[in-house]
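Peer 1: I am attaching a structure below and will ask some questions about it afterwards.
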Amino acid sequence: MKMRMLMLALLAGCGTGAEVAEVAMPVEVSSNGTGPAITDLDYTVTVSGLRAALADVAFAVPGDGIDTTQAPLRGPGNAPDLGHPGHSSGGDVTGELPGEHLIDWMADGASLGTATLLAGDYAGVNFRFRRAHAGDGLEAGDPLLEHSVYIEGTASKGGVDIAFDAVLDIDESYELVGALFAHSVTAGDPAHLRFEIRTSEPYEGKTLFDGIDFAALDANDENGADGDGRVEIRPGTEAHNKLRRTLQSHDYYVVIAQ
Amino acid sequence: MLLGGLTPAVVAAQPAIPVQLEAPALPAQLEAPAAPAQPAAPAAPAQPLATPDEESIITAADEIVIIESQAPVGPGTATSRAIDSDTITATSKHTADDLLRLVPGLHISRHGGEGKAPQIFLRGFDAVHGSDIEVRVAGIPINEMSNVHGHGYVDVGFVIPEVVRALHARKGSFELDQGSFATAGSLGFELGVSGRDRGTRVQYEIGTTNRHRVLGIVAPEGQREATFAAVEAVSDQGFGENRSARRVSGLGQLRFDLGSGLDAGPDASRFVELTGGVYAARFGEPGTVPVAAVEHGDIDFYDTVVDGGSGSSYRALAGLRLHDERGSGRLEARAHLGWRALELDENFTGFLIHPEVGDRRAQSHESLSGGARASYEHDLTPALALLAGAGVLAERVEQSEEQLDTTGMAWLEGPALSARQLMGDVHVGARVRPHARVRAEAGARFDAALIDARDLHSDAVASDFMTVVSPRLTASFALAPAWTLFGAYGRGLRSPEARAVLAAATPAMDPDQPGMPGMPGMDDDQRRSARIISTDAAELGARGRLGERVSLGLGAFGTWLGSEVLFDHLSGASLARQPSRRLGLELDLTYQPLAWLSVRGDVSAVDARFTDTDDPVPGAPRLLAALAAQATHRAGFHGGAQLRYLAPRPLAHGATGSAAQVLDLNGGLRLGRYALTLQIDNALATRWREGEYHYASWFDTSQPRSQLPRLHYTAGHPFGVRASFTAWF
Numbered sequence: 564m565k566m567r568m569l570m571l572a573l574l575a576g577c578g579t580g581a582e583v584a585e586v587a588m589p590v591e592v593s594s595n596g597t598g599p600a601i602t603d604l605d606y607t608v609t610v611s612g613l614r615a616a617l618a619d620v621a622f623a624v625p626g627d628g629i630d631t632t633q634a635p636l637r638g639p640g641n642a643p644d645l646g647h648p649g650h651s652s653g654g655d656v657t658g659e660l661p662g663e664h665l666i667d668w669m670a671d672g673a674s675l676g677t678a679t680l681l682a683g684d685y686a687g688v689n690f691r692f693r694r695a696h697a698g699d700g701l702e703a704g705d706p707l708l709e710h711s712v713y714i715e716g717t718a719s720k721g722g723v724d725i726a727f728d729a730v731l732d733i734d735e736s737y738e739l740v741g742a743l744f745a746h747s748v749t750a751g752d753p754a755h756l757r758f759e760i761r762t763s764e765p766y767e768g769k770t771l772f773d774g775i776d777f778a779a780l781d782a783n784d785e786n787g788a789d790g791d792g793r794v795e796i797r798p799g800t801e802a803h804n805k806l807r808r809t810l811q812s813h814d815y816y817v818v819i820a821q
Numbered sequence: 005m006l007l008g009g010l011t012p013a014v015v016a017a018q019p020a021i022p023v024q025l026e027a028p029a030l031p032a033q034l035e036a037p038a039a040p041a042q043p044a045a046p047a048a049p050a051q052p053l054a055t056p057d058e059e060s061i062i063t064a065a066d067e068i069v070i071i072e073s074q075a076p077v078g079p080g081t082a083t084s085r086a087i088d089s090d091t092i093t094a095t096s097k098h099t100a101d102d103l104l105r106l107v108p109g110l111h112i113s114r115h116g117g118e119g120k121a122p123q124i125f126l127r128g129f130d131a132v133h134g135s136d137i138e139v140r141v142a143g144i145p146i147n148e149m150s151n152v153h154g155h156g157y158v159d160v161g162f163v164i165p166e167v168v169r170a171l172h173a174r175k176g177s178f179e180l181d182q183g184s185f186a187t188a189g190s191l192g193f194e195l196g197v198s199g200r201d202r203g204t205r206v207q208y209e210i211g212t213t214n215r216h217r218v219l220g221i222v223a224p225e226g227q228r229e230a231t232f233a234a235v236e237a238v239s240d241q242g243f244g245e246n247r248s249a250r251r252v253s254g255l256g257q258l259r260f261d262l263g264s265g266l267d268a269g270p271d272a273s274r275f276v277e278l279t280g281g282v283y284a285a286r287f288g289e290p291g292t293v294p295v296a297a298v299e300h301g302d303i304d305f306y307d308t309v310v311d312g313g314s315g316s317s318y319r320a321l322a323g324l325r326l327h328d329e330r331g332s333g334r335l336e337a338r339a340h341l342g343w344r345a346l347e348l349d350e351n352f353t354g355f356l357i358h359p360e361v362g363d364r365r366a367q368s369h370e371s372l373s374g375g376a377r378a379s380y381e382h383d384l385t386p387a388l389a390l391l392a393g394a395g396v397l398a399e400r401v402e403q404s405e406e407q408l409d410t411t412g413m414a415w416l417e418g419p420a421l422s423a424r425q426l427m428g429d430v431h432v433g434a435r436v437r438p439h440a441r442v443r444a445e446a447g448a449r450f451d452a453a454l455i456d457a458r459d460l461h462s463d464a465v466a467s468d469f470m471t472v473v474s475p476r477l478t479a480s481f482a483l484a485p486a487w488t489l490f491g492a493y494g495r496g497l498r499s500p501e502a503r504a505v506l507a508a509a510t511p512a513m514d515p516d517q518p519g520m521p522g523m524p525g526m527d528d529d530q531r532r533s534a535r536i537i538s539t540d541a542a543e544l545g546a547r548g549r550l551g552e553r554v555s556l557g558l559g560a561f562g563t564w565l566g567s568e569v570l571f572d573h574l575s576g577a578s579l580a581r582q583p584s585r586r587l588g589l590e591l592d593l594t595y596q597p598l599a600w601l602s603v604r605g606d607v608s609a610v611d612a613r614f615t616d617t618d619d620p621v622p623g624a625p626r627l628l629a630a631l632a633a634q635a636t637h638r639a640g641f642h643g644g645a646q647l648r649y650l651a652p653r654p655l656a657h658g659a660t661g662s663a664a665q666v667l668d669l670n671g672g673l674r675l676g677r678y679a680l681t682l683q684i685d686n687a688l689a690t691r692w693r694e695g696e697y698h699y700a701s702w703f704d705t706s707q708p709r710s711q712l713p714r715l716h717y718t719a720g721h722p723f724g725v726r727a728s729f730t731a732w733f
């Protein structure tokens, strides 16, 4: 279709250029990936709550970019510079779900709004974590308030259940790049998009909670009584850093067109 | 007059008859001395492959024609061109950049003011500011390795168009002397002042953009065309907004014949040539304009959405050339020194990346370069010559970037580095003529690059050494007295830039550091990404004459580029670009109904695609056509008309650019010691988009921020008139 249009334009010998068709696609939450996960330390983690504050969800075509976060020559402010006229670097963002979003990944089907995508073949989705605020409709005392991610669940091993909740802070300047979104968007595409987090990633079988020894945390609980079967993971701890690092891996996210 | 390489300059008072050349006229090379006009086969005596002086005198019944040229010595290719001074004189131009448009199939677009290097497209390559086109001026390499704004940045703004004696264009990378950046082709500016324009002259030009240009040229009569001194000063408000330009340029060259001194004598087989130049320019940077802003009536077509963009460019260069022909050997040796400084203050994205303070960015680059090269040819027999050459190019660079706020104050440091870059090359080959109809030149060159780079913020250092071997072959077969077939194969190369070397050597950030986001490190392949890029190209073509008055050329070419890793200086990322291929056709025709009148047309069609996805290479023009008429009468009249057509081209993300057709007119009359010239730019007054892009920006902050890419453009020159008056002393 595109070639036919280009040939017509060539033959006509005139024309003012042509934009790419824009397609509106509804986006909703998918909870399909939040099932129990067996960690590398043999914990079976069952998530009962998983919420995150995100912004700037963007959809990208297949990329030439190796990793736009790898920029050792950036100045001390670590500022990216993505704008330039005409020199397509690939991995370009050609779709977006603008604005801020508070995602409850247990609320399957919850609407996140309508994304606008240019017709084309897509390969990835990018987004930023942010700090939740009162404008997100959170009540005072909500554990997610002023943080990026809140997770609660149970880690089971050897018949012992340890309840946990984690409050995570992720740098707002960090952009997660290259989560999977493989779809060819065409003009009038009727598909809607489902945004999913996976507690286990399908590539190497790793889980969000790998490396976290819940029993050891319970035995030396910095935020509560030792051995009470309850763990709180908070910023500034090694467990927090491990969990944050895996949450920042694009392997655990996917957008599926249905 | 364009005869593919030899440019007869008629000096006799009698009506001149163009010299009958053994078809086809051979294309020109950048540095080779001239070849004589070939006598018609088969009566000609055996000619050595070597070529004598620059000037040859041929007498006919009652006219004398002096041929002055830098013609080729090898077979060349069907698509190589030598654009002579008559054509240049009859072409409407503001700067030497405009001369590039005379090369069939070459398109330039500016996203900066007059003074910033244009973006160049050739044979399906978006050469950015010169990354795929090797450019030399008087044999001095002009591409700037690791320039902060673009690797291979080419700025010929210092070249004064009136002292360009010829522009040699070689498409592809088929000849042994073509070096780094010649992946799409090579351009060579040959400097000098032709016979009838010699003397001392002063010119004043005024234009409708409040343009004022003063030019002075001293080119003593009786001395070589290569000897001259020229000074130019320009002040131009430019069209639309923020396109003002001011520059001063001085350029000079002195040829000293080792046998007969400065006097122009017929024996010019041994000479030394000194070239020098200084240049300073300041210019506005209008940036690009979102198409939607114009369509919504927010701004006019020629307006800008950027406040305060500007640039400055400085240069000093000196070159030395030695040419020595004795017996069966020919030596060509060159050396040069150069200093460059470039500063740019631009904003292409508005407030997209830094909503609070804007995306305005300042870039600064300074370099000191020097080099030398020598080539030697030796005729073993009339049918065999051996070729050898070597060169070295050294460049020391210091560059930095910083983000500026809306008032122009720096608020964020960007990358900064210093680097030393050394390129060396050796080539060997042979030129054969096994038969009167067959010529061939084959060989290989070995290129090596050594790059040492240091990050001025972190003090990280990196060094890399890399080599590549590039075979080259050209051949021609004289099918008939008036027709010749050409074939060529070659491997082109492009050196990496210093930032890529530094980025490849930087280890991954430690993901276990508290507070640091986990970032994957580069894998081994990515770390080895800094390497010399190679392209493989082939071309078949034919050139000949249809009767006495029509010359025709046809070429088919292909260029293949494997996956390459480029350091994108604007995203700060190493980019793995997919393998690509370019297939194209070029056709040119020249009709000369009268000795002083010619009409030429050319069409270039290219299909450039990434081979994995079959997606088109964005930005590269698919179809370019030009039609030009040129008159140069010995009575003193000259005139020209150039109509250019650019077909819609694919842009990034599936968008399509617009078509453009532009007509420039030029006419002048010289009576005795005075001349008057009128140039009309864009006589059809079309609103055309010289540059077109598809990317995201956010200039209108009253609207929601969007990351979706949309059409942007840079405006081509509107209707304008310039008049100049010249006096010879």
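Going down the list, the protein sequences come from chains B and S.
Here the first sequence stands for residues 564 to 821, where the numbers follow the numbering used here.
Here the second sequence stands for residues 5 to 733, where the numbers follow the numbering used here.
Each residue gets a CB set at the ideal place from its N, CA and C atoms; glycine is no exception.
#1: So which residues on chain B does S/R714 lean against when the C-beta distance must stay under 7 Å?
#2: Going by C-alpha distance, which of S/H431, S/R449, S/R458, S/T385 is nearest S/V401?
#3: Along chain S, in chain order, which residues have C-beta atoms closer than 8 Å to that of B/G683?
#4: Starting from B/K525, trace the alpha helix (DSSP H) in both directions and tell me its first and last residue.
#5: Beta-carbon separation of B/Y816 and B/A745 under 8 Å?
#6: What residue range does the beta strand (DSSP E) around S/D459 cover?
#7: Starting from S/I137, trace the beta strand (DSSP E) in both directions and tell me its first and last residue.
#8: Only counting runs of 4 or more residues, tell me where the alpha helix (DSSP H) segments fall wholly within the segment 415-444 of chain S, in order along the chain.
#9: Could you tell me whether the segment 383-397 of chain S touches the segment 354-362 of chain S, using the rule of 3 or more Cβ pairs below 8 Å?
#10: For S/A423 and S/G183, what's the separation of their Cα atoms in angstroms?
#11: What's the gap between the Cα of B/E702 and the Cα of B/R693?
#12: Strictly below 8 Å CB to CB, what residues from chain B border S/G661?
#13: Tell me whether S/E67 sits in a helix, a strand or coil according to DSSP, three-state version.
#14: Would the beta-carbon of B/R761 fall within 8 Å of that of B/G596?
#15: Any contact of the segment 485-500 of chain S with the segment 175-190 of chain S, i.e. 3+ C-beta pairs under 8 Å?
#16: Using a C-beta to C-beta distance shorter than 8 Å, which residues of chain S count as neighbours of B/V624?
#17: When you compare only the Cα positions, how much space is there between B/A820 and B/L756?
#18: Using Cβ-Cβ distances below 9 Å, what residues of the segment 658-687 of chain B are close to chain S?
#19: My parser needs the alpha helix (DSSP H) runs of 4 or more residues fully inside the segment 587-622 of chain B; what are they?
#20: Residues of the segment 99-132 of chain S in Cβ contact with chain B at a cutoff of 8 Å, in chain order, please.
#21: Could you check how far apart the C-beta atoms of S/S332 and S/H382 are, in whole angstroms? I think they sit under 8 Å.
#22: Please state whether the Cβ-Cβ distance between S/G220 and S/V206 is less than 8 Å.
#23: With contact counted as at least three CB pairs below 8 Å, one residue from each stretch, are the segment 109-117 of chain S and the segment 154-168 of chain S in contact?
#24: Check S/P713 in the structure and name its three-state DSSP category.
#25: Is the beta carbon of S/R127 sitting closer than 8 Å to the one on S/V610?
#26: Sorted by chain position, which residues of the same chain lie with C-beta nearer than 8 Å to S/A735's C-beta, five sequence neighbours on each side aside?
#27: Please list, in chain order, the residues of the segment 698-711 of chain S that have any C-beta partner in chain B closer than 9 Å.
#28: I need the straight-line Cα distance from S/A41 to S/A541, nearest angstrom please.
#29: What does S/V295 reach in chain B if we use C-beta pairs closer than 9 Å?
#30: Does the beta carbon of S/P652 sit closer than 8 Å to a beta carbon anywhere in chain B?
#31: Confirm, please, whether the CB-CB distance from S/A223 to S/R250 is below 8 Å.
#32: Report yes if the CB atom of S/F185 is closer than 8 Å to the CB atom of S/A142, and no otherwise.
#33: Pairing CB atoms from the segment 295-304 of chain S with CB atoms from the segment 342-357 of chain S, are three or more of them under 8 Å?
#34: Please confirm whether B/A678 and B/L665 have their CB atoms less than 8 Å apart.
#35: Looking at B/K769: is its Cβ nearer than 8 Å to the Cβ of B/T607?
#36: Evaluate contact between the segment 494-508 of chain S and the segment 535-554 of chain S, counting only Cβ atoms and requiring at least three cross-stretch pairs below 8 Å.
Peer 2: Taking the coordinates as given:
#1: E582
#2: Measuring from the Cα of S/V401, the nearest candidate turns out to be S/R458.
#3: H657, G658
#4: With chain B covering 564 to 821 only, the question about residue 525 of chain B has no answer from this structure.
#5: Against a cut-off of 8 Å, the Cβ pair of B/A745 and B/Y816 comes out as no contact.
#6: 442-459
#7: For S/I137, the enclosing beta strand (DSSP E) stretches over residues 137-141.
#8: none
#9: no
#10: Cα to Cα, the separation comes out at about 21 Å.
#11: 17 Å
#12: For S/G661, the chain B residues whose C-beta falls within less than 8 Å of its own C-beta are G580, listed in chain order.
#13: Unreliable placement is indicated for S/E67, whose pLDDT of 35 sits below 50; the coordinate value is still reported in the next sentence. Coil.
#14: Between B/R761 and B/G596, the C-beta spacing is below 8 Å.
#15: yes
#16: H657
#17: 5 Å
#18: For the segment 658-687 of chain B, the set of positions with a beta-carbon nearer than 9 Å to some beta-carbon of chain S reads G658, E659, P661, G662, T679, L680, L681, A682, G683, D684 in chain order.
#19: none
#20: Cβ contacts with chain B come from H115, Q123, D130, V132.
#21: 6 Å
#22: yes
#23: no
#24: Coil, per DSSP.
#25: yes
#26: Here chain S comprises residues numbered 5 to 733, so residue 735 of chain S is not present and cannot be evaluated.
#27: H698, Y699, A700, S701, P708, R709, S710, Q711
#28: Its pLDDT being 34, under 50, S/A41 is placed unreliably by the model, and the measurement read from it follows with that caveat. Straight-line Cα distance between these residues: approximately 30 Å.
#29: T579, G580, E582
#30: It does: the Cβ of S/P652 has a partner Cβ on chain B nearer than 8 Å.
#31: Taking 8 Å as the Cβ cut-off, S/R250 and S/A223 do not qualify as a contacting pair.
#32: no
#33: no
#34: Their beta carbons are not under 8 Å apart, which means B/A678 does not touch B/L665 by this criterion.
#35: no
#36: Verdict: yes, contact present.
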